[in-house]
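S.K.:
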Amino acid sequence: MPATPDEAAAEQERLRPLVDTTGPGPSDLRTVAGIDVAHRDGTDDVVAAVVVLDAVSLRPVETRTACGRAGHPYEPGFLALRELPAVSAALEALERVPDLIVCDGAGVAHPRRFGLACHVGLLTGVSTIGVAKSPPMPFEMPKPARGSWTPQVDGDEVVGRALRTQHGVQPVFVSVGHRIGLDAACDQVLRLARHRLPETTRRADRLARDAALRL
DNA sequence: GCGACAG
DNA sequence: ATCTTGTCGC
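Following numbering that gives the first Met the number 0, the numbering of the first sequence begins with 0 at its first residue and continues without gaps.
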């Protein structure tokens, strides 16, 4: 287990070839999970929340939380260092493995093409998508219509999209985590988005937030 | 050298 | 991540 950015970078480089960034995603999509992490006031504690939704009704069918220690201050490119231990603990507590997981943060739109969503994908074997609220890199603004998007380019690679989930609202930044292609990933995000952010992340965010207050 | 940089 | 009122829109 990596404990420092240097070790984490080596881990990311080692695991990145194992990521599968193709395909239509789950063949039989019944449940979709959202993951988010909250931090407790002045402490070094992090609380991870997982909410599993019915893929059709978007009703919650199971929720879990787990806490952990952040260990290091946040450094760009190393979000997993702080959040992954609590996140994997929460995932392991699930009774049933979801068909798709939407992570709060980046997938392959990452300096070493291995953001948190990729990590969670390899750890679980489940299809994962990364949805970030702020741009991992410079981007061109998509047209205002819901569903419009622009590619996110890093060097000569397309690593994700700035995607409009609501008309005229600030786009979200979608990248592939594991076992799904970018087209299918954006379709899923749009399907889940009744507001700017997918229901999965909204629910997980709320749960992590009040778990952080009462724990 | 300085700023930028998922949360 | 987090500190925070009112305002606009569906």
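Just so it is clear, CB atoms sit at the ideal spot from N, CA and C, and this is done for glycine as well.
Predicted model only: the values in this text are computed from it and were never measured.
Suppose the cutoff is 8 Å on Cβ atoms and the five residues either side in sequence are ignored; what does the same chain contact list for A89 look like?
M.R.: I34, A47, A48, V49, R63, T64, A65
S.K.: Let me check understanding here. Comparing Cα to Cα, which of P1, D5, V31, L17 lies closest to A184?
M.R.: V31
S.K.: Candidates F77, E82, I128, V55: which alpha carbon is nearest V171's?
M.R.: I128
S.K.: Let me know the secondary structure DSSP gives T199 once reduced to three states.
M.R.: helix
S.K.: Tell me the residue span of the alpha helix (DSSP H) that contains Q187.
M.R.: 181–191
S.K.: Can you give me the C-alpha to C-alpha distance between D153 and R68, rounded to a whole angstrom?
M.R.: 32 Å
S.K.: Indicate the three-state DSSP secondary structure (helix, strand or coil) for P59 in the structure shown.
M.R.: strand
S.K.: Which runs of the beta strand (DSSP E), 3 residues or longer, sit entirely within the stretch 25–70?
M.R.: 30–38, 44–53, 59–68
S.K.: If the criterion is Cβ atoms closer than 8 Å, does the pair P197 and L206 meet it?
M.R.: no
S.K.: DSSP three-state call for R13: helix, strand or coil?
M.R.: R13 falls in the helix class under three-state DSSP.
S.K.: Can L181 and R208 be called in contact, C-beta distance under 8 Å?
M.R.: no
S.K.: How is T123 classed by DSSP in three states: helix, strand or coil?
M.R.: helix
S.K.: Closer than 8 Å by C-beta to R15: which residues in its own chain qualify, once you throw out the five before and the five after it? Chain order, please.
M.R.: R111, R112, F113, C117
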